[in-house]
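**Student:**
There are 2 protein chains.
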Amino acid sequence: MVKVELICVGNEILIGKTLNTNAHWLAKRITSLGLKVSRITTVADDLKEISSAIKEALARNPRFIITTGGLGPTFDDKTIEGIAKALCLELKVDGKALKMVEDKYKQYVKEGKMEKAELTPHRVKMATLPVGAEPLPNPVGTAPGVLIDHEGVTIIALPGVPSEMKAIFENSVIPILRRAAGKAVFYEASLEVLGMVESEIAPIVDEVMHDNPYVYIKSHPKGEERISRIELHFSTTTEDTETAKKRVGRAVIQISEMIKKKGGKIRPIKTAE
Amino acid sequence: MVKVELICVGNEILIGKTLNTNAHWLAKRITSLGLKVSRITTVADDLKEISSAIKEALARNPRFIITTGGLGPTFDDKTIEGIAKALCLELKVDGKALKMVEDKYKQYVKEGKMEKAELTPHRVKMATLPVGAEPLPNPVGTAPGVLIDHEGVTIIALPGVPSEMKAIFENSVIPILRRAAGKAVFYEASLEVLGMVESEIAPIVDEVMHDNPYVYIKSHPKGEERISRIELHFSTTTEDTETAKKRVGRAVIQISEMIKKKGGKIRPIKTAE
């Protein structure tokens, strides 16, 4: 499977001000595209921290590194500088990116949202990219996304504002990930078990996973006391949906029969989008 | 400031099934206690991944490493084994932990929640700890938390079920963190700026942070277009609340005056709990 690492940049996450919904949204989308998120790292708005996190991720050989946050105009937007430092690349004003930024401010002036569209240093900063990088258009904000191909790893920097992150991902990143994923398909299903505790279900899960080596089964206690309700989550990644459904279906049937024999009750769970 | 790293273990986070509210809750609580969360890492339920993440965190010299997830009875609950591997410690059944686990199941039998309290291998697993570790009582579940002191770093493993994680944190971890934090106090305040874009506010933030070196100011665009509403978040960590309030207050007054001069509007934000 094609490995993706996420690196989220932002003090607001580390102080518990902001819940990291960006990582959750990206992880879900990337998994559903058939790729594997192998790690999520959150670091501070600090040049050394960002650069170290990028270097450490590179050493683990993912196919993609996707960052969120730190692309804006303020002093603490340091992601691009951190990536450049990690890759030993020079930073230069990128003509294509500068035009994207300038056009945005001109549009804001036209819409009466501000008075002057001049390219202040804080605005030029958003178009200052590592040499060789490609800016990705931001349909709902000013800072472009950034794509860098580096020795077989594609590094993609997205903004931290969720609407901007999502828009750039949908428009510019999905086609790239889809190509890399090839035919891989992720398929999942869930069951709820009532009347058994997790430690009673554990040996059953062991046996069913042994008999169904391509299906991953994970139990999630849902009640207060690890006792009232256990969700069993089945997942597999394969080359076509039919095979995936068959594999998961076989495991679901086997586990259901074993649980009923032990006196447990089962009900299906509808997966929420 | 006293550094804390969080390591969250769980495939469900990496596939985007579960939003990592544990990291958010812990980050907020730890910050409010006056310590600094320096990094949050999420890894898979994989022995090598967990052990690598622990070793990498140790190399960054935090005072505490707090893990969540992977303490239960199933085959993929591997956090304790991963920590033992990282620290080269042997695993042994811990008498105190075994009594905690056994008492829980006896209680469940008494309450009619299950029939037999016998110590199956999957239950004994939850009491199998690195030599020298201390189990932390779990008031709302079966798997105890685990505390290990290792060469000046305290490693604390908490369950992934939020109610269990929170209960062990409140009962057993807060007193330890409070002692380590000493007199440190974290203080924060927020303002909302209307009628200015982030790149117009950026140079003002630069100047006010220069004049108030102990206050960290971060802008958070709240509208769709980085334009409608900008939250300015002020924070400082110091030894007493009075000094913290004075420092933040001074920065808030200075920035408010500068923003009004530039034609922006300001309104206070009530910090949600």
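In order, the protein sequences belong to chains A and B. The first sequence begins at 1147 in my numbering and counts up by one. The second sequence begins at 1147 in my numbering and counts up by one. Don't be surprised by glycine CBs; every beta carbon is placed ideally from N, CA and C.
1) Mind listing which residues of the region 1281-1307 of chain B have their C-beta closer than 7 Å to chain A's C-betas, in chain order?
2) Please confirm whether A1173/A has its beta-carbon closer than 8 Å to some beta-carbon of chain B.
3) Under DSSP, the beta strand (DSSP E) around R1393/B begins and ends at which residues?
4) Taking DSSP as the reference, what is the three-state secondary structure of F1210/A?
5) Assuming T1220/A contacts E1344/B under a Cβ cut-off of 8 Å, what Cβ separation, rounded to an integer in Å, is found between them?
6) At 9 Å on the CB atoms, spell out the chain A contacts of P1276/B, in chain order.
7) Is I1161/A helix, strand or coil by DSSP?
8) Let me make sure I understand the geometry here. Which of D1223/A, V1351/A, P1359/A has the alpha-carbon closest to that of S1402/A?
9) So what's V1307/A in DSSP terms, helix, strand or just coil?
10) According to DSSP, which residues form a beta bridge with A1335/A?
11) Would you kindly report the start and end of the unbroken beta strand (DSSP E) that includes L1275/B?
12) Using the three-state DSSP reduction, which class does L1204/B fall into: helix, strand or coil?
13) Specify, as a first and last residue, the run of the beta strand (DSSP E) that Y1360/B falls within.
14) Quick check: is the beta carbon of E1316/B nearer than 8 Å to any beta carbon in chain A?
15) Distance check for R1396/B and K1406/B, CA to CA, integer angstroms please.
16) Could you name the residues that DSSP lists as bridge partners for G1291/A?
17) Alpha helix (DSSP H) containing V1247/A: first to last residue?
18) What is the DSSP secondary structure of T1266/A, reduced to helix, strand or coil?
19) Is the CB of E1202/A under 8 Å away from at least one CB in chain B?
20) Of all Cβ atoms in chain B, is any one closer than 8 Å to the Cβ of G1180/A?
21) Could you tell me the distance, in whole angstroms, from the CA atom of K1242/B to the CA atom of I1294/B?
22) Would you say D1240/A lies against chain C (beta-carbon separation less than 8 Å)?
23) Within the continuous alpha helix (DSSP H) that includes T1225/B, where are the two ends?
24) Nearest by alpha-carbon distance to V1426/B: which of R1206/B, G1156/B, G1162/B is it?
25) If you compare alpha carbons, which of M1404/A, E1385/A, K1408/A, H1379/A is closest to I1415/A?
26) Check distances from the C-beta atoms of the region 1154-1169 of chain A to those of chain B and list, in chain order, the residues that come in under 9 Å.
27) Using the rule of at least 16 other Cβ atoms within 10 Å of the residue's Cβ for burial, across every protein chain shown, is E1151/B buried or exposed?
28) In chain A, which residues lie less than 7 Å from R1269/B when you measure between Cβ atoms?
29) Just the C-alpha distance for A1330/A and I1200/B, rounded to the nearest angstrom, thanks.
30) From what residue to what residue does the beta strand (DSSP E) around P1414/B run?
31) Along the chain, where does the alpha helix (DSSP H) containing T1177/B start, and where does it finish?
**Tutor:** Once the coordinates are examined:
1) V1286, G1287, T1288, V1307
2) yes
3) No beta strand (DSSP E) contains R1393/B, which is instead part of the alpha helix (DSSP H) from 1387-1407.
4) strand
5) 7 Å
6) Below the 9 Å Cβ cutoff, chain A contributes no neighbours of P1276/B, its closest Cβ being approximately 21 Å away.
7) Secondary structure of I1161/A (DSSP, three-state): coil.
8) V1351/A
9) coil
10) F1380/A
11) Counting along the chain, the beta strand (DSSP E) containing L1275/B begins and ends at 1274-1276.
12) helix
13) Note, Y1360/B: premise wrong, no beta strand (DSSP E); not H, not E.
14) no
15) Going from the Cα of K1406/B to the Cα of R1396/B covers about 16 Å.
16) In the DSSP output, where bridge partners are listed per residue, G1291/A has L1282/A.
17) 1241-1256
18) Looking at T1266/A - three-state DSSP - the assignment turns out to be coil, as it is neither helix nor strand.
19) yes
20) no
21) 15 Å
22) Looking for chain C here will not work: the only protein chains present are A and B.
23) 1225-1233
24) What the structure shows of chain B is the stretch from 1147 to 1419, and residue 1426/B is not part of that stretch, so it cannot be assessed.
25) H1379/A
26) C1154, G1156, N1157, E1158, I1159, L1160, I1161, G1162, K1163, T1164, L1165, N1166, T1167, A1169
27) buried
28) Under a criterion of Cβ atoms nearer than 7 Å, the residues of chain A adjacent to R1269/B are, in order, S1345.
29) Cα to Cα, the separation comes out at about 31 Å.
30) It spans 1411-1414 - the beta strand (DSSP E) in which P1414/B sits, taken as one unbroken run.
31) 1167-1178
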